[in-house]
Structures are given as structure tokens and as C-alpha cells.
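Novice: Per the working numbering, the very first residue in the sequence shown carries number 19; after that it's consecutive. All C-beta atoms, glycine included, are put in the ideal place defined by N, C-alpha and C. Everything numeric in this text was worked out from a predicted model, so none of it was measured.
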Amino acid sequence: MSCSGRNVTQVVILLCLLRLIAAPPLAAEDNTGAGILHMRSQSPLQSLRMVIPSVAAGSVTPGWGTFLLATWSNIWAEEESYYLDYELLDIRMTVGYGLNDRLALALAYDHRSYFGGQMDSFIQGFHDALSIHQNGRDQASKGQSRIGRIGLTVEENSADTFNNSGATLLLSYELTRSNGLLPAVNLSTSVRYGFETAGGFTDDHPIDYGFSLGLGKRLTPKWYLHLIGSYSHYDQTRLNDLWPGTYVVLENHQFNGLIACGYDYSERLTLLIQYMQCESAVENIKGLDETSHEVHLGLKYRTVTLGQIEFGIIENAISFDNSRDFGLHFGWGYFF
Numbered sequence: 019m020s021c022s023g024r025n026v027t028q029v030v031i032l033l034c035l036l037r038l039i040a041a042p043p044l045a046a047e048d049n050t051g052a053g054i055l056h057m058r059s060q061s062p063l064q065s066l067r068m069v070i071p072s073v074a075a076g077s078v079t080p081g082w083g084t085f086l087l088a089t090w091s092n093i094w095a096e097e098e099s100y101y102l103d104y105e106l107l108d109i110r111m112t113v114g115y116g117l118n119d120r121l122a123l124a125l126a127y128d129h130r131s132y133f134g135g136q137m138d139s140f141i142q143g144f145h146d147a148l149s150i151h152q153n154g155r156d157q158a159s160k161g162q163s164r165i166g167r168i169g170l171t172v173e174e175n176s177a178d179t180f181n182n183s184g185a186t187l188l189l190s191y192e193l194t195r196s197n198g199l200l201p202a203v204n205l206s207t208s209v210r211y212g213f214e215t216a217g218g219f220t221d222d223h224p225i226d227y228g229f230s231l232g233l234g235k236r237l238t239p240k241w242y243l244h245l246i247g248s249y250s251h252y253d254q255t256r257l258n259d260l261w262p263g264t265y266v267v268l269e270n271h272q273f274n275g276l277i278a279c280g281y282d283y284s285e286r287l288t289l290l291i292q293y294m295q296c297e298s299a300v301e302n303i304k305g306l307d308e309t310s311h312e313v314h315l316g317l318k319y320r321t322v323t324l325g326q327i328e329f330g331i332i333e334n335a336i337s338f339d340n341s342r343d344f345g346l347h348f349g350w351g352y353f354f
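Take a look at the structure:
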């Protein structure tokens with residue numbers, strides 16, 4: 019390409035960026051409700067790498083905002099060749115800035131800690147009360163943090179070898195607001211740089227990226243619906259040396275989907291139910307190579323002066339080996 023051709027291309031790109039930043043305000047009418055519960059998959063191998071944030075249509079707000087999200091979940095899976103028994107605390111802190119009501123930038127730090135926790139007794143009692151099969155968890159000691167391979171001999175590691183953290187840069191753009199029969203549309207892209215990687219990964223500082231498309235629409239004065247689809251691409255595709263002579267082959271990309279339905283119980287309180295489906299993250303481990311399915315139930319409450327809080331519970335569904343067994347979620351957001 020000639021020098022003049024490059025200059026023209028640079029000018030066009032600059033004008034497009036200025037057009038996005040200086041775009042006229044969208045319709046002020048809120049037609050997408052209070053949004054979604056900001057959970058991401060805690061499934062065993064999905065949680066070792068980036069899980070692209072779910073960005074709901076209509077969520078861009080001008081000015082500064084901050085978010086603190088924490089999800090505490092219990093994992094139990096037992097197959098002929100392996101077992102997983104631990105708890106996971108996933109913490110995410112985000113600072114964002116809306117240039118206008120169309121375009122926003124955000125920087126998030128996430129940290130996942132794996133440990134032996136305190137949910138085992140509660141979950142076993144809950145399963146007994148509802149006559150749900152324990153799948154062997156009632157035969158194991160409570161509060162353990164372990165991942166193991168079952169073969170001629172049992173080889174076991176502490177689950178904290180999975181600890182990981184990273185920073186994500188997110189760009190979000192509101193293409194349209196909901197208008198008449200048409201839904202609101204959000205386009206987002208994310209890039210994550212890994213600070214700490216799970217044990218066994220050969221790449222110390224992976225760079226993962228992804229894209230998401232969000233649709234939102236108010237159905238009635240009380241009910242609204244959000245649909246979000248996302249695609250992620252990963253640097254890390256092989257997990258070595260968890261056990262001698264073994265390796266795990268990971269997918270290099272993943273598609274995820276989220277459906278959220280909200281009911282505005284009052285001016286400040288919204289009740290939500292969500293269904294999240296995530297493609298398998300691994301190729302060569304039976305059970306974990308299945309798509310994960312999670313159901314979220316929760317609420318969002320908008321305070322007068324202290325921002326918005328959200329609370330949710332998580333249960334697995336359909337595929338039980340590749341989903342968290344039970345989880346609790348808390349979030350807080352504040353716009354300045």
C-alpha cells in the first residue's frame with residue numbers, strides 16, 4: 019500500500035472513532051429493564067481461563083462507574099477416571115467510564131481462589147431433603163480441596179493449583195436502543211491478560227480475547243428479556259503435568275449463551291431467572307467434555323444513595339459433571 023493510501027486509511031479510521039465517541043444521544047426511554055445478574059461460568063475447566071463478561075444491551079451509562087462481584091461455588095464430580103472436590107471464590111473488580119450513552123470502556127481485575135470450603139454439609143442435607151442422589155459425595159470427608167485421577171493408583175493434587183488471575187479490558191457499544199418491536203443491541207469486545215495461571219499451563223501470561231452480542235427488550239410494563247451470545251479465543255490449549263504422564267487438551271475457542279428474564283416487582287426491586295450454557299472447554303476427559311448448563315435465581319435492588327446490589331443462587335442442570343454443584347453470588351455497582 020502506498021504512503022497516500024495508508025494516510026487515507028488512517029483518516030477514515032480516525033473519523034469512525036470520532037463518530038462513535040461524538041454520536042448523538044440515544045432515546046432516553048429505558049426499555050431494557052434492570053439488566054442481568056453479572057455471573058460467569060464457574061465450571062471446572064471454563065474457570066481456568068478467561069470467561070468473557072456478559073454485557074447486557076442498555077447497560078452503557080455516561081460517566082464513571084465501579085462494580086464489585088463475588089461468586090462462591092461448590093464443585094463435586096466423580097467419574098471412573100477422576101474426581102473433583104473443592105470450592106471456588108471468584109472475585110471481580112471493575113472500573114468503567116461511559117464516554118456517552120453509546121460507548122464505554124472498562125478495566126476489570128479478576129482472581130479465582132480454590133480451597134476446601136464449608137458448603138458440603140448444607141448441600142448434602144439439601145440433597146437428602148429433596149431425595150436427590152448424592153453421587154458419592156456423602157462418602158467423602160467434608161471440606162476437602164482436591165483433584166484426583168483414578169487408575170491403577172490414585173494420584174491427587176490440592177485444588178489450589180488451579181488458582182488464576184488476570185486483567186480484562188472491555189469496550190462496549192450500544193448499537194440501538196429498544197424501539198417498538200425492535201430490541202436494543204449491544205456489541206462488546208474483551209481482551210484478558212493473565213497474571214497468574216493455573217498449574218500445568220505452559221504459557222505464563224496468556225492473552226485471550228472475545229466478542230459478545232446482547233439483545234434486550236421490555237415485553238410488558240413489568241417483564242423484560244435479555245439474550246446474550248459470546249465467542250472466546252484462547253492462547254492456552256494444553257494442560258500438562260497435573261499427574262505424571264498425563265495431559266489435558268483444551269479447546270482453543272468457546273461459544274457461550276445466556277437468557278435472562280426479569281420482573282420489576284417494584285420501582286427498586288427486580289426478580290430474575292437466568293439460564294447459562296457454555297460449550298465444553300476440554301476435548302479428552304469424559305464428563306468434563308460436555309456442555310455446561312447453569313440456572314441462576316436472584317434479585318437486583320436499587321438503593322437511594324448507595325448504588326445497586328444484586329444477589330443470586332446457582333444450580334447446575336442437565337450435565338452435572340461439568341457444572342458447579344451450588345453457588346452464591348453477590349454484586350454491588352455504583353455510578354458517580
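Span of the beta strand (DSSP E) holding R236?
Specialist: I225 to R236 is the span of the beta strand (DSSP E), which, as asked, contains R236.
Novice: Got a sec, what are the start and stop residues for the beta strand (DSSP E) M294 sits in?
Specialist: Segment L287 to C296, the beta strand (DSSP E) holding M294.
Novice: Near Y265, what residues of its chain come up, given a Cβ to Cβ distance below 7 Å and the 5 sequence neighbours on each side ignored?
Specialist: Hits under 7 Å: R256, L257 and N258.
Novice: Can you tell which of D119, D103 and L87 has the C-alpha that lies nearest to the C-alpha of R363?
Specialist: Examination of residue 363 is not possible in this model, given that the chain is present from 19 through 354 alone.
Novice: Hey, would you say L178 sits closer than 8 Å to Y127, going by beta carbons?
Specialist: Here the sequence assigns Asp to residue 178, which means Leu is not the residue at that position. Not a contact, by the Cβ cut-off of 8 Å.
Novice: Please report the straight-line C-alpha distance between S298 and Y252, rounded to a whole angstrom.
Specialist: When rounded, the distance between both Cα atoms is 13 Å.
Novice: For the beta strand (DSSP E) that contains T323, what are its first and last residues?
Specialist: Careful: T323 lies outside any beta strand (DSSP E) and carries neither H nor E.
Novice: Could you tell me the distance, in whole angstroms, from the CA atom of K318 to the CA atom of E308?
Specialist: Near 31 Å, if we compare the C-alpha coordinates of E308 and K318.
Novice: Looking at the structure shown, is F354 part of a helix, part of a strand, or coil, going by DSSP?
Specialist: Three-state DSSP puts F354 in coil, outside helix and strand.
Novice: According to DSSP, simplified to helix, strand and coil, what is I39?
Specialist: Because the pLDDT of I39 is 44, which lies under 50, any placement of that residue in the model is unreliable, and the number read from its coordinates should be weighed accordingly. Three-state DSSP puts I39 in a helix.
Novice: Using DSSP with H/G/I as helix, E/B as strand and the rest coil, what is S206?
Specialist: Strand.
Novice: Only counting the same chain, and skipping five residues up and downstream in sequence, which positions put a Cβ closer than 6 Å to that of V270?
Specialist: Inspection of the sequence shows that residue 270 is occupied by Asn rather than by Val. Closer than 6 Å at the Cβ level, and outside the excluded window around N270, lie Y252 and T255.
Novice: Residue range of the beta strand (DSSP E) that F133 falls in?
Specialist: F133 -> beta strand (DSSP E) spans L121 to F133.
Novice: For V300, write down the residues that DSSP places opposite it in a beta bridge.
Specialist: According to DSSP, V300 bridges with L268.
Novice: Using 8 Å as the cut-off, can you tell me whether the region 234-247 makes contact with the region 96-105, which would need three or more C-beta pairs spanning the two stretches below that distance?
Specialist: Output reads no: the region 96-105 does not touch the region 234-247.
Novice: Would you tell me roughly how many angstroms separate the C-alpha atoms of F180 and G228, rounded to the nearest one?
Specialist: Looking at the two C-alpha atoms, the distance is approximately 22 Å.
Novice: Counting Cβ pairs closer than 8 Å, one from the region 240-250 and one from the region 276-283, do we hit at least three?
Specialist: They touch, by the three-pair rule.
Novice: When DSSP builds the beta bridges, which residues end up paired with A88?
Specialist: According to DSSP, which records beta bridges pairwise, A88 is partnered with I109 and F348.
Novice: Short check: CB of Q64 to CB of S230, under 8 Å?
Specialist: No, Cβ-Cβ distance for Q64 and S230 is not below 8 Å.
Novice: Beta-carbon within less than 6 Å of T207's beta-carbon, same chain only, minus the 5 sequence neighbours each way: which residues are those?
Specialist: Taken in chain order, the residues that qualify are L189 and F229.
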